[in-house]
Amino acid sequence: MKKIFTLLFLLAGFTTFSQRIIDKDVGQFNEIKVFDLIEVNLIKSDENRILIKGENVDDIRFVNKNGTLKLRMHLDKRFMGEDTFIEVYYTDLDIIDGNEGAKIVCNELIEQNRIELRTQEGAMIKAGLDVENLDVRAVTGGIIETSGLATNQFIVLNTGGIFEGRELKTQASSIKISAGGEAELYASEKVDINIRAGGDVYVYGNPSQINKNTFAGGRIFIKDF
Numbered sequence: 001m002k003k004i005f006t007l008l009f010l011l012a013g014f015t016t017f018s019q020r021i022i023d024k025d026v027g028q029f030n031e032i033k034v035f036d037l038i039e040v041n042l043i044k045s046d047e048n049r050i051l052i053k054g055e056n057v058d059d060i061r062f063v064n065k066n067g068t069l070k071l072r073m074h075l076d077k078r079f080m081g082e083d084t085f086i087e088v089y090y091t092d093l094d095i096i097d098g099n100e101g102a103k104i105v106c107n108e109l110i111e112q113n114r115i116e117l118r119t120q121e122g123a124m125i126k127a128g129l130d131v132e133n134l135d136v137r138a139v140t141g142g143i144i145e146t147s148g149l150a151t152n153q154f155i156v157l158n159t160g161g162i163f164e165g166r167e168l169k170t171q172a173s174s175i176k177i178s179a180g181g182e183a184e185l186y187a188s189e190k191v192d193i194n195i196r197a198g199g200d201v202y203v204y205g206n207p208s209q210i211n212k213n214t215f216a217g218g219r220i221f222i223k224d225f
């Protein structure tokens with residue numbers, strides 16, 4: 001009986017420890033960069049805070065320098081953030097940047113004039129948008145998935161970047177792909193496409209004007225939506 005009680009006590013202590021949450025005020029920022037496989041949920045708020053949950057909560061490093069908030073693991077835990085989750089509460093955000101396999105999800109529609117989304121090194125961003133102008137950059141296996149509305153979007157893909165934007169309704173889109181990449185996009189009026197050294201573009205929305213320029217490989221597919 002004593003052994004059972006001791007075991008239950010230890011398990012209860014472990015559960016309490018594993019569920020610990022760190023709550024920090026991080027100050028004003030308008031750009032966020034996430035690294036080391038960390039998963040982030042972005043939440044619009046009237047304050048700038050982070051809530052750290054999951055494994056290795058004490059191993060998260062965060063720094064806000066000149067309005068850029070960086071979230072990563074300590075050096076001895078680098079690339080070990082896959083079981084660490086951070087809720088990021090923000091007041092204003094212009095740039096979202098995912099690196100090193102990080103996953104960034106916007107839990108609600110981002111409504112503003114302009115937003116820039118960047119991914120590299122296998123990171124992923126998923127966002128619902130209602131904006132005038134969207135800038136997208138995905139390189140080295142980065143993935144960006146968008147939905148909602150944008151008047152104009154400008155897309156740059158390089159070395160295996162992926163853009164999943166079929167569900168983002170735009171009037172005009174411009175895309176450049178170098179050294180491989182894949183994009184699905186929607187435009188109702190105009191699309192400018194430039195492909196160098198391979199890449200695939202799938203165009204939805206039956207735009208009235210499509211300008212194409214390919215060199216050394218590249219495929220363009222005009223699809224019915």
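Using UniProt numbering, you'd call the opening residue of the sequence shown number 1 and step up by one each time.
Here a beta-carbon is modelled for each residue, glycine too, at the ideal position from N, C-alpha and C.
All figures in this text were calculated on a predicted structure; none of them were measured in a lab.
CB-CB under 6 Å to residue i, same chain, minus the five flanking residues each way: which ones, in chain order?
i: residue 190; result: 172, 207 and 209
i: residue 215; result: 196
i: residue 142; result: 119, 120, 123 and 161
i: residue 144; result: 117, 119, 125, 136, 138 and 163
i: residue 88; result: 40, 42 and 50
Identify the residues that DSSP records as bridge partners of residue i: which are they?
i: residue 118; result: 97 and 137
i: residue 153; result: 134 and 173
i: residue 195; result: 177 and 214
i: residue 219; result: 200
i: residue 159; result: The partner list for residue 159 (beta bridge, DSSP) is empty, contrary to what the question assumes.
i: residue 166; result: Note: residue 166 sits in no beta bridge, so no partner.
i: residue 128; result: 147
i: residue 54; result: 84
i: residue 31; result: 68 and 95
i: residue 183; result: 163 and 201
i: residue 41; result: 87 and 105
Between the C-alpha atoms of residue i and residue j, what's the straight-line distance to the nearest angstrom?
i: residue 27; j: residue 102; result: 22 Å
i: residue 8; j: residue 198; result: Low local confidence applies: a pLDDT of 43 at residue 8 is under 50, so the model's placement there is unreliable, and no value is given.
i: residue 187; j: residue 201; result: 12 Å
i: residue 83; j: residue 165; result: 28 Å
i: residue 151; j: residue 120; result: 25 Å
i: residue 16; j: residue 54; result: In this predicted model, residue 16 has a pLDDT of only 44, less than 50, meaning its place in the structure is not dependable enough to derive any value.
i: residue 162; j: residue 52; result: 29 Å
i: residue 118; j: residue 93; result: 13 Å
i: residue 22; j: residue 50; result: 8 Å
i: residue 205; j: residue 221; result: 12 Å
i: residue 218; j: residue 59; result: 43 Å
i: residue 192; j: residue 212; result: 6 Å
i: residue 183; j: residue 66; result: 33 Å
i: residue 223; j: residue 156; result: 21 Å
i: residue 140; j: residue 45; result: 32 Å
i: residue 178; j: residue 170; result: 23 Å
i: residue 35; j: residue 86; result: 12 Å
What is the DSSP secondary structure of residue i, counted as helix, strand or coil?
i: residue 26; result: coil
i: residue 75; result: helix
Residues in the same chain with beta-carbon distance under 8 Å from residue i, minus the five sequence neighbours each way, listed in chain order, please.
i: residue 107; result: 41, 42 and 43
i: residue 128; result: 106, 108, 109, 110, 146, 147 and 148
i: residue 25; result: 47, 48 and 49
i: residue 168; result: 129, 134, 146, 147, 148, 149, 150, 153, 185 and 186
Rank the options by C-alpha distance to the C-alpha of residue i and give the top, closest one.
i: residue 110; options: 104, 131, 213 and 157; result: 131
i: residue 38; options: 215, 157 and 78; result: 78
i: residue 195; options: 170, 204, 159 and 65; result: 159
i: residue 122; options: 64, 181 and 54; result: 181
i: residue 116; options: 96, 126, 124 and 100; result: 96
i: residue 175; options: 35, 62, 224 and 137; result: 137
i: residue 90; options: 64, 35, 155 and 72; result: 64
i: residue 104; options: 113, 114, 178 and 70; result: 70
Within its chain, find whatever has a CB closer than 7 Å to the CB of residue i; leave out the 5 residues flanking it on each side and keep chain order.
i: residue 20; result: 57
i: residue 68; result: 29, 31 and 33
i: residue 74; result: 59 and 61
i: residue 100; result: 35, 36, 37, 79, 121 and 123
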